[in-house]
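Data first, discussion second: the structure below is written as structure tokens.
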Amino acid sequence: MEDVDDSDTKPFPTKTSIPPFWRSELDPLDEYRSTESLPTTCDVLIIGGGYAGIAAAYHLLCGDKYEPGTKPSVVLVEARQACSGATARNGSNTQPPFDLLSVLISCDLGGHLKPSVYGRLPDYIERFGSATAANVADFEWKHIDAIAEVIKKEGIECDFEIVRTFNVYTDREQALKAKNAYLKLKSLGIAKETINDLVWTDEDKAQEVSGFKDCVGCFASRAATLWPYKLMMGLLSKAVGQGLNLQTNTPASSIDRELGPNGGKRWKVTTARGPISASKIIFATNGYTSALLPEYENKIIPARGIACHITLPPGTEAPKLPGSYGILLPRAWDYLNQRPDGSIIVGGARPTFFAQDSEWKNNVDDNTLIDPAAHYFDTYMQRHFVGWENSGAHVESIWTGIMGYNSDGLPRVGQVPGREGCFIAAGFGGHGMPVIWLVMKSLTEMVRYGKKFEQTAVPNIYKTTKERLESTEDRLNSQ
Ligand SMILES: Cc1cc2nc3c(=O)[nH]c(=O)nc-3n(C[C@H](O)[C@H](O)[C@H](O)COP(=O)(O)OP(=O)(O)OC[C@H]3O[C@@H](n4cnc5c(N)ncnc54)[C@H](O)[C@@H]3O)c2cc1C
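Each residue of the sequence shown is one higher than the one before, counting from 14 in the working numbering.
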């Protein structure tokens, strides 16, 4: 039987992609290769140079010190430029989403580090119990301080700012449900630090407090905003400084088991620039994972999202917004950040395309716009924000990004079932910013120290298991 070349149908990253605003100031490492040729062997191979892959490299090489002579050789291969996937196309909001309408609300995109508190908790309580839900909330909550700490320690300039973030409601029924879910969580007494930080405002004051027109209720809570590409490149440069061999423009096309020189088993990874053999692999391949690990097909699903950069006419000043936003419109969940220069990053636009599967589901094309959404953000600020009516705000640039949605709505982290030495951290949906940093810290402890998943800080529901791979659960359309 002839071999079938199915590489065209597998979800690999496209060669070219629409440049997002976050990649408007490129770092010297953007297309860097530490060595002219790809090393033929290494101890740990990281596949994917986004948030997850870069965080893995940083934690492995810049974390605990190694005894002399014990530092592993670590290679990172990235199909395109460093940080050119979802991480450079998002909203960079770091707040845990606490929206009971988890049906719509697992996304908080656009430069946001926004832990999800009330959004996911009711769903998690129902599915996994209060203790697990509280654990997830706490885990996300810790990200703001953990990211602030590494930025300070490494002196990375990335516009990091702790903000209040608003979740604004325009539908009274949704607002009431949200408020009731919050009150219920409060009465349960779980995730106290996160819940106590939330402030609910009723309709009479909601528009005044949030600055959002027609707002009938809003939450405010703690989050952070940042320039994700700059943070990642700052971390990457530290890892390269500690010996990471970075190989950009090096797509991996397949993995195979092979015998090493001493008879032990190793992994052979075929790339566009030749093979590389590794004892351990970290798959940080997000929505593209199933191209290399077919068992994740229909489990981690590539899903397109859209975001844009809105600016004002030269010489005019933007009204300062009181925080960042998650915006609940009928059937929509938009997310918005104001940049230090007053310009806006906003994404979402789901009602324009979500009913048309081919526009987003199992689609890795970030080289074209999601057509039905292309004009959704025109006059967005004028329509929705008090004081912006005559601002002249307009879409300066707009782009597509590929997320990794999950069939059961949860990231997949840990040792790949049945593949010794292979580790995965992927499928973070539209909500990776307040999850990935500490997930990768734990995952690298598994890789480096042989810790079991259960010995790490990662919430147990994120563990990648055979049962989850075999499950027929389908929550895709509710992410
Ligand atoms: C429009 C949009 C807005 C978003 N906004 C937010 C937000 O505000 N807040 C939030 O929390 N999250 C947001 N997200 C989600 C967040 O960006 C992701 O969860 C996070 O960036 C995922 O990081 P990652 O490293 O797993 O994936 P990526 O950044 O996608 O990195 C994966 C990398 O792997 C590489 N790769 C894949 N396959 C191969 C291969 N075979 N060989 C070599 N390299 C390979 C890819 O090229 C890519 O660079 C948003 C996402 C999008 C698309």
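Using N, Cα and C, we set each Cβ at its ideal position, and we do this for glycine too.
Every value quoted in this text rests on a predicted model; they were computed, and no experiment measured them.
Which class does residue i belong to by DSSP, given the choice of helix, strand or coil?
i: residue 95; result: coil
i: residue 450; result: helix
i: residue 27; result: coil
i: residue 401; result: coil
i: residue 367; result: coil
i: residue 310; result: coil
i: residue 157; result: helix
i: residue 21; result: coil
i: residue 89; result: strand
i: residue 300; result: helix
i: residue 476; result: strand
i: residue 347; result: strand
i: residue 382; result: coil
i: residue 334; result: coil
i: residue 489; result: helix
i: residue 126; result: strand
Between which two residues does the beta strand (DSSP E) holding residue i run?
i: residue 373; result: Taken as a continuous stretch (DSSP letters only), residue 373 belongs to no beta strand (DSSP E), being part of the alpha helix (DSSP H) at 370 to 373.
i: residue 281; result: 278 to 284
i: residue 342; result: 337 to 342
i: residue 353; result: From DSSP, residue 353 is part of no beta strand (DSSP E); its letter is neither H nor E.
i: residue 203; result: Per DSSP, residue 203 belongs to no beta strand (DSSP E) and is neither H nor E.
i: residue 178; result: 174 to 182
i: residue 293; result: 287 to 296
If you count every other CB in all the chains shown that lies within 10 Å of the CB of residue i, and 16 or more means buried, which is it?
i: residue 384; result: exposed
i: residue 72; result: buried
i: residue 427; result: buried
i: residue 462; result: exposed
i: residue 319; result: buried
i: residue 380; result: exposed
i: residue 376; result: buried
i: residue 22; result: exposed
i: residue 251; result: buried
i: residue 94; result: buried
i: residue 386; result: buried
i: residue 153; result: buried
i: residue 156; result: buried
i: residue 458; result: buried
i: residue 117; result: Because the pLDDT of residue 117 is 32, which lies under 50, any placement of that residue in the model is unreliable, and the number read from its coordinates should be weighed accordingly. Classification for residue 117: buried.
i: residue 229; result: buried
i: residue 144; result: exposed
In the DSSP assignment, find the alpha helix (DSSP H) that holds residue i and state where it starts and stops.
i: residue 315; result: Looking at the DSSP string, residue 315 is not in any alpha helix (DSSP H); the run it does join, the beta strand (DSSP E), is 313 to 324.
i: residue 220; result: 216 to 223
i: residue 479; result: 479 to 483
i: residue 139; result: 134 to 141
Could you check whether the Cβ of residue i sits closer than 7 angstroms to any heavy atom belonging to ligand 3?
i: residue 281; result: The model on display carries ligand 1 but not ligand 3.
Legend entry - Runs of beta strand (DSSP E) lying entirely within the region 31 to 86, each at least 3 residues, in chain order: The region 31 to 86 contains these whole beta strand (DSSP E) runs: 54 to 60.
Inset, instruction - Can you check the region 211 to 276 for any beta strand (DSSP E) of at least 3 residues that lies completely inside it and give the ranges in chain order? - result: Counting only runs of 3 or more residues that sit fully inside the region 211 to 276, the beta strand (DSSP E) segments are 212 to 214, 230 to 238, 258 to 260, 265 to 272, in chain order.
Inset, instruction - Can you check the region 398 to 441 for any beta strand (DSSP E) of at least 3 residues that lies completely inside it and give the ranges in chain order? - result: Positions of the beta strand (DSSP E) runs, each at least 3 residues long and wholly inside the region 398 to 441, are given as 407 to 419, 425 to 428, 435 to 439 in order along the chain.
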